[in-house]
Amino acid sequence: MLRGGGIILDYTLRICGIKVRQTKNYKKLLRSHHLYPNTWFQDSISTLREDSSIKKIINLTQGLDKKSTNLVCRIIARTLEADAHPLKVFFTLSKEEIEALDSLQNDFVANIFHIAPNLYYWNGYFLPCKHIAEVFWYRHGLDSLKNPAYFKHKDIIDVGGYIGDSATILSEYTEGKVHSFETTSHNYNLMLETIRLNHLTRVVPIKKGLGSVQSKMTISIDGPASSFSPLSQTSNESEEVEIITLDSYVAEHKIQVGFIKVDIEGFEMEFLKGAKHTICTQKPTMLISIYHSLDDFFEIKPLIESWNLGYTFSIHKPIDYTISVETGLFCEIL
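Here the working numbering is used: the first residue of the sequence shown is 1408, the next is one more, and so on.
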């Protein structure tokens, strides 16, 4: 809400539905481009100031190209600088970032149209809710892959399907099927509607989660940020959901997996435990979120490296209003 002098009295910013910052009385935030810290990192930022972080940084950047190494170091430095700033934000953006944020607002957000009750549109895509994520703009960075033909004729696994936004984009990169896993009933029903609205005949919706073992688990409901972690959510709403492993699903359906995208709010390590056989035997290209904790940020790449599969790694972070949200690890066989 704005009052005389343009001071923000109460302002909450969400990126991809995740609350990244809530502020009060910060006039400066109206005047310049800035980036918000990642709340998932907040409780462990102090570990970045410890000597032990040196080894973690070296292990993460080992074997990365220069662009990815620059990105890793930029994320770490900006996280520390924002944490030390009185406003808990980062202000010193590059020209490229400023232009990208302007384009994001003027060319993407400005062209999202609410055209009917529960119907939104952007550039040929229809969605049943107003959350049109930046996946439609940045396309998960898939156009930067060195060998996208690797999975052109294979199936794709979409882990953390949400409302079918990722599956919609992923279906354009394969002639096979996209198996999209979503745990919560509300999001799953929206995914079904997205599939119907966009005539996605090759998207297979599955109302299950993927983890390390077959089980039942309780998930905290918070839209795109629904999570199994008790530390990440403030929502009082929850749902019991079924968990299976990717290995069991692939074996049952005899799937040739070409690409895996994983964004499951901090459950990525558990997913990898239940997907190891598939990954080791089929060596799919992968995009794995590493922004839900500093442990994930530093440890997921070394874990996959330890399997000695011959992957080439790179780090991807779309330019948005955050320092590290949506950071992902690309794994490719070249």
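Built from N, CA and C at the ideal position, the CB exists for glycine as well.
None of these values were measured; they are calculated from a predicted model.
Check: Leaving out the 5 sequence neighbours to the left and right, which residues in its chain are closer than 6 angstroms to I1650 when beta-carbon positions are compared?
Finding: Taking the first residue of the sequence shown as 1, we reach residue 1650 at position 243. G1616, G1618, S1622, M1624, listed in sequence order.
Note to self: Closer than 8 angstroms is the cut-off here; do at least three beta carbon pairs connect the segment 1447-1466 with the segment 1734-1741?
What the structure shows: no
Check: Whole beta strand (DSSP E) runs in the segment 1523-1589 with 3 or more residues, listed along the chain?
Finding: 1526-1529, 1532-1534, 1562-1566, 1585-1588
Check: Bridge partners of C1748, per DSSP?
Finding: This structure does not reach residue 1748, given that the chain is present from 1408 up to 1741, and the question cannot be answered.
Next item on the list: Evaluate D1670 with the Cβ neighbour count: other Cβ atoms within 10 Å of its Cβ, from every protein chain shown; 16 or more gives buried, anything less gives exposed.
Entry: Reading the sequence shown from its first residue, position 263 is the one you call residue 1670. With 16 or more Cβ atoms within 10 Å of its Cβ, D1670 is classed as buried.
Item checked: Bridge-paired residues (DSSP) for V1648 -> Numbered from its first residue, the sequence shown carries residue 1648 at position 241. The partner list for V1648 (beta bridge, DSSP) reads M1624.
Next item on the list: Evaluate the contact criterion for the segment 1694-1708 versus the segment 1659-1670: three or more CB pairs, one atom per stretch, below 8 angstroms.
Entry: yes
Checklist line | A1556 burial status per 10 Å Cβ neighbour count (16 or more: buried) | finding: Translated into positions along the sequence shown, residue 1556 becomes position 149. The residue in question, A1556, is exposed, as its Cβ has fewer than 16 Cβ neighbours within 10 Å.
Next item on the list: Could you name the residues that DSSP lists as bridge partners for S1696?
Entry: Sequence index remark: in the sequence shown, residue 1696 carries index 289 (1-based). DSSP lists G1735 as partners of S1696.
Notebook entry, point to check: What residue from A1491, L1467, P1524 has the CA that sits closest to E1712's CA?
Noted result: Here residue 1712 refers to the residue found at position 305 when the sequence shown is read from its first residue. Out of A1491, L1467, P1524, L1467 has the C-alpha closest to the C-alpha of E1712.
Next item on the list: Measure the C-alpha to C-alpha separation of R1438 and S1501 and round it to an integer number of angstroms.
Entry: For this step, residue 1438 is matched to residue 31 along the sequence shown. For this step, residue 1501 is matched to residue 94 along the sequence shown. The predicted model places R1438 with a pLDDT of 47, which falls under 50 and marks its position as unreliable; any figure quoted below should be read in that light. So the alpha carbons of these two residues sit roughly 16 angstroms apart.
Next item on the list: Check whether the Cβ atoms of Y1443 and T1734 lie closer than 9 angstroms to each other.
Entry: Translated into the one-based positions of the sequence shown, residue 1443 becomes position 36. Translated into the one-based positions of the sequence shown, residue 1734 becomes position 327. In this structure, T1734 does not lie closer than 9 angstroms to Y1443 by Cβ.
Next item on the list: In angstroms with no decimal places, state the Cα-to-Cα distance between S1645 and A1484.
Entry: To locate residue 1645, count along the sequence shown from 1; it is residue 238. To locate residue 1484, count along the sequence shown from 1; it is residue 77. Cα to Cα, S1645 sits roughly 36 angstroms from A1484.
Item checked: Opposing strand residues paired with P1612 [DSSP bridges] -> Taking the sequence shown and counting its residues from 1, the one referred to as residue 1612 is at position 205. Its beta-bridge partners are S1587.
Checklist line | K1495, DSSP secondary structure in three states | finding: Numbered from 1 along the sequence shown, position 88 holds the residue referred to as residue 1495. K1495: coil per DSSP, three-state reduction.
Next item on the list: Assign H1440 to one of three DSSP states: helix, strand, or coil.
Entry: The residue given as residue 1440 occupies position 33 in the sequence shown. DSSP places H1440 in coil when its eight states are reduced to three.
Note to self: Considering only heavy atoms of the ligand SAH, does any lie closer than 8 angstroms to the CB of E1644?
What the structure shows: Here there are no bound small molecules, and the ligand SAH is not part of this structure.
Next item on the list: Round the Cβ separation of W1544 and L1511 to the nearest angstrom and send it over; I've been treating them as touching at under 8 angstroms.
Entry: For this step, residue 1544 is matched to residue 137 along the sequence shown. For this step, residue 1511 is matched to residue 104 along the sequence shown. Between L1511 and W1544 the Cβ distance is about 7 angstroms, and since that is below 8 angstroms, they are a contact.
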